[in-house]
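If you read the sequences in order, they're chains A and G. Everything in the first sequence is counted per the numbering used here, starting at 505 for the first residue and increasing by one. Everything in the second sequence is counted per the numbering used here, starting at 30 for the first residue and increasing by one. For glycine and all other residues, C-beta sits at the position ideal for the given N, C-alpha and C. Let me begin by presenting the structure, written as structure tokens, before commenting on it.
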Amino acid sequence: MDEFSRLSLHVPEPAVRPGDQPDFSNVKIPKAGSVPRPEVDVEPEAIRDLAYSIIRVLNREGEAVGPWAGLLSDDELLTGLRHMMLLRAFDARMLMAQRQGKTSFYMQHLGEEAVSCAFRRALRKGDMNFPTYRQAGLLIADDYPMVEMMNQIFSNELDPCHGRQLPVMYTSKEHGFFTISGNLATQYVQAVGWAMASAIKNDTRIAAGWIGDGSTAESDFHSALVFASTYKAPVILNIVNNQWAISTFQGIARGGSGTFAARGLGFGIPALRVDGNDYLAVYAVARWAAERARRNLGPTLIEYVTYRVGAHSTSDDPSAYRPKTESEAWPLGDPVLRLKKHLILRGAWSDERHAQTEAEIMDQVIQAQKEAESHGTLHAGGRPSVRDIFEGVYAEMPPHIRRQRQKAGY
Amino acid sequence: MARMTMIEAVRSAMDVSMGRDEDVVVFGEDVGYFGGVFRCTQGLQAKYGKTRCFDAPISESGIVGTAIGMAAYGLKPCVEIQFADYMYPAYDQLTQEAARIRYRSNGDFTCPIVVRMPTGGGIFGGQTHSQSPEALFTHVCGLKVIVPSNPYDAKGLLISAIEDPDPVMFLEPKRLYNGPFDGHHERPVTPWSKHELGDVPEGHYSIPIGKAEIRRKGSAVTVIAYGTMVHVALAAVEETGIDAEVIDLRSLLPLDLETIVRSVTKTGRCVVVHEATLTSGFGGELVALVQEHCFYHLEAPVVRVTGWDTPYPHAQEWDYFPGPARVGRALTEAMEG
Ligand SMILES: Cc1ncc(C[n+]2csc(CCOP(=O)(O)OP(=O)(O)O)c2C)c(N)n1
Numbered sequence: 505m506d507e508f509s510r511l512s513l514h515v516p517e518p519a520v521r522p523g524d525q526p527d528f529s530n531v532k533i534p535k536a537g538s539v540p541r542p543e544v545d546v547e548p549e550a551i552r553d554l555a556y557s558i559i560r561v562l563n564r565e566g567e568a569v570g571p572w573a574g575l576l577s578d579d580e581l582l583t584g585l586r587h588m589m590l591l592r593a594f595d596a597r598m599l600m601a602q603r604q605g606k607t608s609f610y611m612q613h614l615g616e617e618a619v620s621c622a623f624r625r626a627l628r629k630g631d632m633n634f635p636t637y638r639q640a641g642l643l644i645a646d647d648y649p650m651v652e653m654m655n656q657i658f659s660n661e662l663d664p665c666h667g668r669q670l671p672v673m674y675t676s677k678e679h680g681f682f683t684i685s686g687n688l689a690t691q692y693v694q695a696v697g698w699a700m701a702s703a704i705k706n707d708t709r710i711a712a713g714w715i716g717d718g719s720t721a722e723s724d725f726h727s728a729l730v731f732a733s734t735y736k737a738p739v740i741l742n743i744v745n746n747q748w749a750i751s752t753f754q755g756i757a758r759g760g761s762g763t764f765a766a767r768g769l770g771f772g773i774p775a776l777r778v779d780g781n782d783y784l785a786v787y788a789v790a791r792w793a794a795e796r797a798r799r800n801l802g803p804t805l806i807e808y809v810t811y812r813v814g815a816h817s818t819s820d821d822p823s824a825y826r827p828k829t830e831s832e833a834w835p836l837g838d839p840v841l842r843l844k845k846h847l848i849l850r851g852a853w854s855d856e857r858h859a860q861t862e863a864e865i866m867d868q869v870i871q872a873q874k875e876a877e878s879h880g881t882l883h884a885g886g887r888p889s890v891r892d893i894f895e896g897v898y899a900e901m902p903p904h905i906r907r908q909r910q911k912a913g914y
Numbered sequence: 030m031a032r033m034t035m036i037e038a039v040r041s042a043m044d045v046s047m048g049r050d051e052d053v054v055v056f057g058e059d060v061g062y063f064g065g066v067f068r069c070t071q072g073l074q075a076k077y078g079k080t081r082c083f084d085a086p087i088s089e090s091g092i093v094g095t096a097i098g099m100a101a102y103g104l105k106p107c108v109e110i111q112f113a114d115y116m117y118p119a120y121d122q123l124t125q126e127a128a129r130i131r132y133r134s135n136g137d138f139t140c141p142i143v144v145r146m147p148t149g150g151g152i153f154g155g156q157t158h159s160q161s162p163e164a165l166f167t168h169v170c171g172l173k174v175i176v177p178s179n180p181y182d183a184k185g186l187l188i189s190a191i192e193d194p195d196p197v198m199f200l201e202p203k204r205l206y207n208g209p210f211d212g213h214h215e216r217p218v219t220p221w222s223k224h225e226l227g228d229v230p231e232g233h234y235s236i237p238i239g240k241a242e243i244r245r246k247g248s249a250v251t252v253i254a255y256g257t258m259v260h261v262a263l264a265a266v267e268e269t270g271i272d273a274e275v276i277d278l279r280s281l282l283p284l285d286l287e288t289i290v291r292s293v294t295k296t297g298r299c300v301v302v303h304e305a306t307l308t309s310g311f312g313g314e315l316v317a318l319v320q321e322h323c324f325y326h327l328e329a330p331v332v333r334v335t336g337w338d339t340p341y342p343h344a345q346e347w348d349y350f351p352g353p354a355r356v357g358r359a360l361t362e363a364m365e366g
């Protein structure tokens, strides 16, 4: 006799949909300061818990507490605040520019500014990031000229990519920012390769790979983990868990693994989860991982728990798949407001100075935009030459491409 | 000069390159300690250490992906995909990444990698150890594609590939690893030591990428071939007695169009031979180019001889393989057409 009933497929669903009450009861948030800070040479086995907790420094009152606190001075924190405000203002202007038809497409960072801005400060000159499209903070926090970023977004005559790349797909070897691919996850394993090369050459530089929660389902994610683990590559493997991959909630890519950080455990890679909206916590964890890498102790996996407040891109409408008020219900708050509060509590900042700085930054961004627009936007003014289509496919142009260039009239 | 098989020539190219340039690293499945399933990397780990020649996990996208990262760092990785049939997991890294990094970053980053892989049939490898995927690479702008037909070329071209500033796909016809092959499976492979092209300089030399070689001069018909098929074509010419000119392409991308056009303009007839399947194969590109550039000189339709549009069968591999008999019939057809 058949004692089993028929099978049925399990398809995970988010707890709520448009029209429902936002619900983050599933996000278990430990108290700030409650997660221990292990030594950098700790055995991965000994810190398995860190893959399931959340490292936090700033508490609800805005105080910095616990073993991961105390690494940054007032000045450094003010710089961090400024970077995040700059990125936010930059996003706001570029979003508007897209709406005005000055570029085809834009992707903003709203709510995730702390992740890339704080991380960059834990790296050194010469280290290399292999980013995806939501880490412009790596450039901003490294003082990459904003005008250049806008030139890229507008595909104008000064676009460093000569009009060949989608907007926001920046490149800068000098600023440790690998050319972005639109193909998700490919950069993750490349980061490991770069780090392996640095180790092969007995260099001192380290690499960092970046991926979103949704993209961890790609096989390149797993390839990267196996190579990083096998060769103990000096690489930091970052997962930005902003809860959503376009309209698909994080539960779809995560499967039964509990957290994304836990993916590292099977590979013997130390895996930490951190409050991605806490500038101090992100910095502290990034520095811990960077030190491990630099001491030749191998890779670290970091999951940043955050929330994508804005739309996925300018082509997305999040109200179609999640409650409108979900971002306000996000229990880890806003990274800019949290750091602001902390600095005020430290006596290093005030509401007035904040408002004034906000206005100054907006002016600065508008000035940069004016300059960039004077070199053209996607549909008006200066643009890269048609000749640029044919250049740079190879170091030296082969005859068949030369023939095609001539045919095109250049 | 030394007498070398193609395996030894390939190994010698890597050895010479690693000796000259510390940035050259070699890795892939089983290539380190063991020296590769075809022994192409034998001895390299012992000589250069295990951080310059090492075993990789069985993850083709990992192998090519990490090679890309190493190239971005400044190394010159020369990686092995164990069989061409297994490069598909790495195809994304090749086509979207390696091939485009220079272009998309406007030269800010480059990708000087070499991806070596044994290709083609004739060793009873069945459908998973016999494929010839060159057309999948020639369709990708930004890659270079090489298929040598003898040890001398294999070494000179591989050295060029390693020194090339762009990604190069290096397809090694495994049927030619130990000696030239005339397509008659019942006859043993003649070892390269009995063949003039088994003479290979020990040291450094290079052969420019993008230059074909005329293997046999002739005036009646042009045969365009590469890899194993060069030897099959030569056998067919000998058997039919037709005075054919045989071009060995060596580089498929970039392609030596000039040599092709000069020859077909002279002979007025053309046969294209490859081992890969017919439909959308590289032969289609060759025929199109001949048609575009030699139309008024053609005296007959161009004939293609290729593998069938089926997977590579195991037991009937010699019925699949375009041997001298089929090439011979095509030659006759081109002469009569
Ligand atoms: C290989 C590949 N598949 C699909 C896409 C289309 N796509 C672009 S972004 C995206 C969602 C990515 O989500 P996640 O990794 O969570 O990153 P997030 O956008 O949330 O930062 C998808 C499916 C792509 N760019 N590349």
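Would you list the residues sitting across from residue i in a DSSP beta bridge?
i	result
Val302 of chain G	G:Val334
Lys203 of chain G	Answer is none; Lys203 of chain G lacks a bridge partner.
Gly686 of chain A	None; Gly686 of chain A has no bridge partner.
Ile743 of chain A	A:Ile715, A:Glu807
Ile559 of chain A	A:Val778
Glu274 of chain G	G:Thr251
Leu282 of chain G	G:Val174
Arg245 of chain G	G:Val275
Buried or exposed for residue i, going by 16 or more other Cβ atoms inside 10 Å?
i	result
Asp907 of chain A	In the sequence as displayed, the identity of residue 907 of chain A is Arg instead of Asp. Classification of Arg907 of chain A: exposed, given that the 10 Å Cβ count is below 16.
Asn800 of chain A	exposed
Ile97 of chain G	buried
Arg244 of chain G	buried
His883 of chain A	exposed
Asp579 of chain A	exposed
Ala456 of chain A	The structure shown does not extend to residue 456 of chain A, since chain A is modelled only from 505 to 914, so the question has no answer here.
Asn660 of chain A	buried
Gly312 of chain G	buried
Gln130 of chain G	The residue you asked about is not Gln; residue 130 of chain G is Ile in the sequence shown. Under this definition Ile130 of chain G is a buried residue.
Using a beta-carbon distance below 8 Å, is residue i in contact with chain G?
i	result
Tyr898 of chain A	yes
Asn687 of chain A	yes
Cys621 of chain A	no
Thr708 of chain A	no
Ser889 of chain A	no
Phe894 of chain A	no
Asp724 of chain A	yes
Thr734 of chain A	yes
Val730 of chain A	yes
His904 of chain A	yes
Gly719 of chain A	Note that residue 719 of chain A corresponds to Ser in the displayed sequence, not to Gly. No, its Cβ sits nowhere closer than 8 Å to a Cβ of chain G.
Ser727 of chain A	yes
Does the CB of residue i have a neighbour CB from chain A at under 8 Å?
i	result
Tyr102 of chain G	yes
Pro147 of chain G	no
Ser41 of chain G	no
Pro177 of chain G	no
Val54 of chain G	yes
Leu286 of chain G	yes
Arg333 of chain G	no
Phe138 of chain G	yes
Arg133 of chain G	yes
Thr70 of chain G	no
Pro230 of chain G	no
Gly57 of chain G	no
Thr294 of chain G	no
**Q.** Residues in the segment 106 to 131 of chain G having any Cβ partner in chain A nearer than 9 Å
**A.** Pro106, Pro118, Asp121, Gln122, Gln125, Glu126, Ala128, Arg129, Ile130, Arg131
Q: Anything in the segment 187 to 217 of chain G with a Cβ closer than 7 Å to a Cβ of chain A? List those residues in chain order, please.
A: Pro194, Asp195
Q) the segment 690 to 706 of chain A: which residues have C-beta closer than 7 Å to a C-beta of chain G, in chain order? A) Thr690, Val693, Gln694, Ala695, Val696, Gly697, Trp698, Met700, Ala701, Ser702, Ile704
Q: Please list the residues of the segment 651 to 683 of chain A that have a C-beta atom closer than 8 Å to any C-beta atom in chain G, keeping them in chain order.
A: Pro664, Cys665, His666, Arg668, Gln669, Met673, Thr675, Ser676, Lys677, Phe682, Thr683
**Q.** Where the segment 83 to 102 of chain G meets chain A: residues whose CB sits under 7 Å from a CB there
**A.** Pro86, Ser88, Ser90, Gly91, Gly94, Thr95, Ala96, Ile97, Gly98, Met99, Ala101, Tyr102
Q | Under 8 Å (Cβ pairs) to chain A, residues found in the segment 146 to 173 of chain G | A | Cys170, Gly171, Lys173
(Q) Please identify, using Cβ separations under 9 Å, the residues of the segment 754 to 787 of chain A that lie next to chain G, in order along the chain. (A) none
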